[in-house]
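To keep things clear, I will list the structure first and then write my remarks on it.
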Amino acid sequence: MKTLLNLSVAAMLLAGGAFLYADDDEHEEHENHRSSRVAQPVTPQEKATVALYTKECGACHMAYQPQFLPKRSWDKTMNTLDNHFSTDATLDPADHKTIQNYLATHASKNDRMSDMKGAVALRISETPYFVREHREVTKKMVTQPEVKSFANCNACHTQATNGSYREREIRIPNYGRWE
Ligand code: HEC
Ligand code: HEC
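Numbering (the working numbering), first residue to last: 1 to 179.
As C-alpha cells, then:
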C-alpha cells in the first residue's frame, strides 16, 4: 500500500463534518491541499503493521482503510471478532493489540461519522456519508454476483486496495465507467 488514502477520499474524510454537505465537485478542487494531511507508513515498524493488517483483515474482504470509520467503530469491531458478521475473525493477542492500535491511530477523528441514531456503526457501508456518496448506485449494480454487497469496495473501485477511490477509476461490473 503506497498511500493509506488518496486525494478525493482524503477530502471527504479529513474535511471533518463538512463533507457531509459539500458539493461533489469540491473534492476535486481541494484534493491536493487536503491530501497532504494523510498519514503514510514510513518506518519499517509502521510498514510491518500495515502488512499485518492487510494480511489478517484482508483475508475475507479487502483491508479497509482505517480512515473510513472513527475509533469507536473499530473498537466495537475488534471487541466482537469472535462473531464478526457470522464469521470467526479472532486473532492472537499480540496481533489483536497491534491491529487495534493501528486502527485507532489512523481512524477518522469524526465520531459523528458512525452515528446510527445513537448506535455505533460497524459497517462503513451503512454510515450516512457512505449512503450519501452512493445514493445513485442502483441495487442491481450492488447485488449482482460480481459485486454481491457494498462491502466489496474493490469490485467497483479498481484502486481501492491502494487507497484510491477517484471517480475515473470506478468500473462497475457489467455497467462500466461511472460518468
Ligand atoms: C473470516 C473472514 C473475515 C475476516 C478474517 C475479517 N472479516 Fe471483516 N467481514 C467479514 C464478512 C463476511 C463481512 C460481511 C461482508 C458483506 O456484508 O458482504 C465483513 C465485513 C466487515 C466490515 C464491514 C464492511 C462494510 O459493509 O462496510 C468491516 C469494517 C470489517 N469486516 C472489518 C474487519 C477487520 C478490521 C478485520 C480484521 C480484524 C476483519 N474484518 C477480518 C469476514 C471477515
Ligand atoms: C457497486 C459499486 C460500488 C461499490 C461496491 C462501492 N462503491 Fe464507492 N462509489 C461507487 C460509485 C459509482 C461512486 C460515485 C458515485 C457518484 O458520484 O454519484 C462511488 C463513490 C465513492 C466515494 C467518493 C469518491 C469521490 O471521489 O467523491 C468513496 C470514498 C467511495 N465510493 C468509497 C467506497 C468504499 C470504502 C466502499 C466499500 C466499503 C465502496 N465505495 C463500495 C461505486 C461503488
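For glycine and all other residues, C-beta sits at the position ideal for the given N, C-alpha and C. All values derive from a computational prediction rather than experimental measurement.
In chain order, which alpha helix (DSSP H) runs of at least 4 residues are fully inside the segment 34-92? 44-56, 71-78
Please report the distance separating the alpha-carbon of I124 from that of E133. 12 angstroms
Across which residues does DSSP place V120 in a beta bridge pair? D115
Under DSSP, the alpha helix (DSSP H) around F130 begins and ends at which residues? 128-133
Give the secondary structure of S108 by DSSP, where H, G and I count as helix, E and B as strand, and everything else as coil. strand
Less than 7 angstroms separating the Cβ of I172 from some heavy atom of ligand 1? no
Length of the line joining the Cα atoms of S86 and P128: 24 angstroms
Roughly how many angstroms separate the alpha carbons of D24 and E169, rounded to a whole number? Any reading at D24 must be qualified, since the residue scores a pLDDT of 38, below 50, and its modelled position is unreliable; the value itself is stated next. Taking the straight line from one Cα to the other gives about 16 angstroms.
Extent of the continuous alpha helix (DSSP H) run through V142: 139-143
Can you give the Cα-Cα distance for C57 and A119, rounded to whole angstroms? 23 angstroms
What residues in its chain sit with their C-beta under 7 angstroms from that of D82, if we drop five residues either side in the sequence? D88, T90
For a test of the three-state rule: what should DSSP assign to R168, helix, strand or coil? helix
Per DSSP, H157 forms a beta bridge with which residues? I170
Is S125 near ligand 2, judged by its Cβ being under 7 angstroms from some heavy atom? yes
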